[in-house]
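So the structure is just underneath, and the comments pick up after that.
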Amino acid sequence: MAIDTKQQDPALTAHSRDELLALHRLMLLNRRFEEKVGEMYTRAKVGGFLHLNIGEEATFVGAIKALRPGDYVYSTYREHGHAISHGVDPKRVMAELFGRVDGTSRGRGGSMHLFDADQRFMGGYAIVAGSIALAVGTALAVQYRGGDEVVMSMFGDGATNNGTFHESLNLAKVWHLPVLFLCGNNQYGMGSAVDRVSAVHEMYRKAQGYDIPAEKVDGMDVIAVLDATTRAVKHIREEKTPYFLEAVTYRYRGHSMADPQVYRTKEEVEEWRKRDAIEGFRHRLREAGLASDEDFDAHEREVEGIVQEAVDYADASPEPEPSEELERDVYVGDLPVTWR
Amino acid sequence: MAVITYREALNHALREELQRDDNVMLMGEDIGVFDGSFKVTQGLYKEFGEKRVKDTPISEDTIVGAGVGAALAGLRPVVEIMTINFSLLATDQVVNHAAKIRYMFGGHATVPMVIRMPGGGGHQLGAQHSQSLEVWYANIPGLVVVAPATPADAKGLLKTSIRDDNPVVFIENEGLYNTKGEVPEGELLTPLGQADVKRQGKDVSLVSHSRMVLLCLEAAEELAKEGIEAEVVDLRSLRPLDAATLRKSIEKTNHAVVVEEGWGSYGITAETAATIYEAAFDFLDAPLVRISGVEVPMPYAKRMEQACIPTVQQIVAGAKKTLGKAA
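So the protein sequences, as listed, match chains G and B. Take the first sequence: its position 260, counted from the start at 1, is 259 in numbering that gives the first Met the number 0, and no numbers get skipped. Take the second sequence: its position 203, counted from the start at 1, is 202 in numbering that gives the first Met the number 0, and no numbers get skipped.
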């Protein structure tokens, strides 16, 4: 019997090589996309607030890849990668960040308000915890029609201290709604560390208070997140119950671009970077003999092309013309926006 | 034409729309098993079942939010908030979500929902149960705000609101539920954004909405005894406001009294007065008169409370004042 010289990694072997490489590619695309967006911000191509999710890729890629087409995703203001991972075209995301008419929201939303009904990416929302209630309502519509879609509500640790979070968990449980509450615990609500503002330091325990099945997963490990989310989604579809996952992760950049990060040390950030989702995953794939640096380099070249294409597309898209666009879509139909 | 109460008119509208469209469903606190705290939803839970008439926890913010989320996925929810006072707990969902979603997502989303809530005072319910806060919502682009005064308008506007693809804040009045009026048989759809002249007159326009319209009609009766022909304009829709009907009335009467039950400062009367001044200044023969609730938190004691709410006598006096006649 031949001896396998490759290191055993049972979590990997449950997945096909293509699936594993697709996870790597998508995490890398989101990383490079965000880096480019940060650069575009410093060049004033992107305005307003900008919240990058560099560092959190394993959490949102792993979670969203466990969904199937037709499932809904609601998100927050740190949502570029959430949108792209759920199938929204990076070109239209970049165009929205540039404030152009070909953006997902015709340039009216910006970084915090991406939306794509065709992909069932139900929007980025900038009121902490606000979109959790919307996800519950969409899950009600799914149940009402007898569908089997799952609605994923993505939010951070900060949202769990808000009343809407608690009301939403309660309602989802009382009505047996197919919601997956996905808490990406990046350990800081803006500049406030979790243990300074939350009486309970593990977010999943808050869901246990509503008798919602809940667990915590390593949010820097894309396979761990994918597997946990796959189990959760299956449970939701079969048992007709909400489910709660807490993925512990870390954002390397500040809360927004205007954040001097006085609330944490450089050493802490460096410690987390050592557990980097993409580097760690590459190491595992190499050790298991499933991929090599050549594969990763090919991905680098491919995503660089996609990101550049997105920038070119955004640059070429026209700005919305106020005389045509300003008062459109306030209402459906012909109701006037003013009577003066 | 049947004579029914305002409450029955609303109930009929809900029943007809539930029968007509499977996507219409109701949610709210105690609207089902309990039949509604003001009995507007009486019998509907029994008739349509708990899938379509859903009792909710006391979670105003999330009830409205769930309505928005359900609407985004194609349902047409009618959410009842027990009173407008409690709706303040839901203002984030009404103002930051329901009102914004279509526009901020580039017109790619629609939120076809109705948020019903009664306001008003006069029942010795104290400061936290007696407010008229419609102006809070009427200020917000993206919302439609209606406030019917009669059973016919209550029915016709509610049916139209349910069929409309915009988020509609539908403001009722606790003091109107038992009032009666004629309601036409058959399908009744009253357009949004259109005021209604409830009584024709040529001397002075009495402009108001919701329960104050009834007081204006009484005032018009009083004034008629003295030979003054008052026109009563019922705004019906607060957003959008029907400036054309207002202007037409002022062009005819050249005098105006604007009335609201709530606080006038920055209020509905502030908006109607400004609209009249901007649209019809040249037609006014005298400064208009504003009549509104006394600007204190609503007190409990009966005479104290009554002293806060506009009266027929005040409206009559206001009309005489703008007409330059002795009170």
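For glycine and all other residues, C-beta sits at the position ideal for the given N, C-alpha and C.
Chain-ordered chain B contacts of residue i [CB-CB under 8 Å]
| i | result |
| --- | --- |
| D328/G | R101, Y102, G105, G106 |
Min CB distance residue i to chain G below 8 Å
| i | result |
| --- | --- |
| S58/B | yes |
| Q92/B | yes |
| G29/B | For the sequence presented, residue 29/B should be read as Asp rather than Gly. No, no contact with chain G. |
| L191/B | yes |
| V196/B | no |
| D40/B | Here residue 40/B is Thr; the residue named in the question, Asp, does not match the sequence. No, its Cβ sits nowhere closer than 8 Å to a Cβ of chain G. |
| T109/B | yes |
Rounded separation between residue i and residue j - CA only
| i | j | result |
| --- | --- | --- |
| F154/G | L181/G | 6 Å |
| I314/B | G226/B | 16 Å |
| M81/B | M116/B | 6 Å |
| G185/B | A146/B | 22 Å |
| A2/B | T178/B | For clarity, residue 2/B is Val in the given sequence; the question names Ala instead. Going from the Cα of V2/B to the Cα of T178/B covers about 10 Å. |
| A153/B | E46/B | 22 Å |
| T274/B | L245/B | 8 Å |
| M103/B | D8/G | 46 Å |
| V252/G | Q260/G | The residue you asked about is not Val; residue 252/G is Arg in the sequence shown. Taking the straight line from one Cα to the other gives about 9 Å. |
| M39/G | Q142/G | 42 Å |
| T55/B | R283/G | 48 Å |
| V92/G | G261/B | 45 Å |
| I222/G | H112/G | 29 Å |
| A231/G | R105/G | 35 Å |
| I114/B | G279/G | 50 Å |
| E220/B | I161/B | 35 Å |
| S110/G | G105/B | 13 Å |
| R6/B | F59/G | 49 Å |
| R51/B | N52/G | 40 Å |
| V100/G | E308/G | 17 Å |
| W338/G | M112/B | 23 Å |
| L27/G | K265/G | 24 Å |
| S209/B | V144/B | 12 Å |
Chain-ordered chain G contacts of residue i [CB-CB under 8 Å]
| i | result |
| --- | --- |
| K328/B | This structure does not reach residue 328/B, given that chain B is present from 0 up to 326, and the question cannot be answered. |
| V23/B | Under the 8 Å cutoff, chain G gives no residues; its nearest Cβ is about 11 Å from V23/B. |
| L74/B | L139, A140, Y143 |
Chain B residues whose Cβ lies nearer than 7 Å to that of residue i
| i | result |
| --- | --- |
| M121/G | L71 |
| I126/G | D91, N95 |
| A116/G | H107, A108 |
Minimum Cβ-Cβ distance from residue i to chain B less than 8 Å
| i | result |
| --- | --- |
| W338/G | yes |
| N169/G | yes |
| S104/G | yes |
| H112/G | yes |
| R107/G | yes |
| T240/G | no |
| L66/G | no |
| G129/G | yes |
| A1/G | Because the pLDDT of A1/G is 48, which lies under 50, any placement of that residue in the model is unreliable, and the question is left without a value. |
| E166/G | yes |
Partner residues on chain G for residue i, Cβ-Cβ distance less than 9 Å
| i | result |
| --- | --- |
| V143/B | Y330, L334 |
Closer than 9 Å at the beta carbon, the chain B residues around residue i
| i | result |
| --- | --- |
| G208/G | Chain B residues near G208/G: none, gap ~14 Å exceeds 9 Å. |
| V173/G | T55, P56 |
| T159/G | Those do not exist, as T159/G stays about 15 Å from chain B at its closest Cβ, beyond 9 Å. |
| T163/G | S58, D60, T61, G64, D91, Q92 |
The ligand HEM heavy atom lying under 7 Å from the CB of residue i
| i | result |
| --- | --- |
| Y40/G | You won't find the ligand HEM in this model; it holds no ligand whatsoever. |
Partner residues on chain A for residue i, Cβ-Cβ distance less than 7 Å
| i | result |
| --- | --- |
| P239/B | The chain inventory of the structure shown lacks chain A, comprising the protein chains G and B. |
Chain G residues whose Cβ lies nearer than 7 Å to that of residue i
| i | result |
| --- | --- |
| V67/B | L133, G136 |
* To do: Please list the segments of the beta strand (DSSP E) lying wholly inside the stretch 227-264 of chain B, counting only runs of 3 or more residues, in order along the chain.
  => 229-233, 236-238, 255-262
* **beta strand (DSSP E) runs wholly inside the stretch 247-277 of chain G, at least 3 long, in chain order** => none
* List in chain order: all unbroken alpha helix (DSSP H) runs of 4+ residues lying wholly within the stretch 288-316 of chain B. => 301-305
* To do: Any chance you could list the beta strand (DSSP E) runs of at least 3 consecutive residues sitting entirely within the stretch 128-161 of chain B, in chain order?
  => 143-145
* Positions along the stretch 114-140 of chain B whose CB lies within less than 8 Å of some CB in chain G -> P140
* Members of the stretch 5-19 of chain G that neighbour chain B once the beta carbon cut-off is set at 9 Å -> none
* Asked: What runs of the beta strand (DSSP E), each 3 residues or longer, lie entirely inside the stretch 197-228 of chain G?
  -> 213-217
* **Interfacial residues, the stretch 262-290 of chain B to chain G, with Cβ spacing under 7 Å** => T274, E277
* the stretch 45-59 of chain G: which residues have C-beta closer than 9 Å to a C-beta of chain B, in chain order? -> none
* To do: Mind checking the stretch 155-186 of chain B against chain G and listing, in chain order, the residues whose C-beta falls within less than 7 Å of any C-beta there?
  => D164, N165
* Name, going along the chain, the residues of the stretch 19-33 of chain G whose beta-carbon falls closer than 7 Å to a beta-carbon of chain B. => none
* Asked: Counting only runs that start and end within the stretch 89-143 of chain G, where is the alpha helix (DSSP H) found for 4 or more residues in a row?
  -> 89-96, 129-143
* Asked: For the stretch 216-242 of chain B, which residues have a CB atom closer than 8 Å to at least one CB atom of chain G, in sequence order?
  -> P239, L240, D241, A242
* To do: Ignoring anything shorter than 3 residues or poking outside the stretch 94-118 of chain B, list the beta strand (DSSP E) runs there in chain order.
  => 113-118
* Asked: In chain order, which continuous runs of the alpha helix (DSSP H) of length 4 or greater are located wholly inside the stretch 12-68 of chain B?
  -> 43-47
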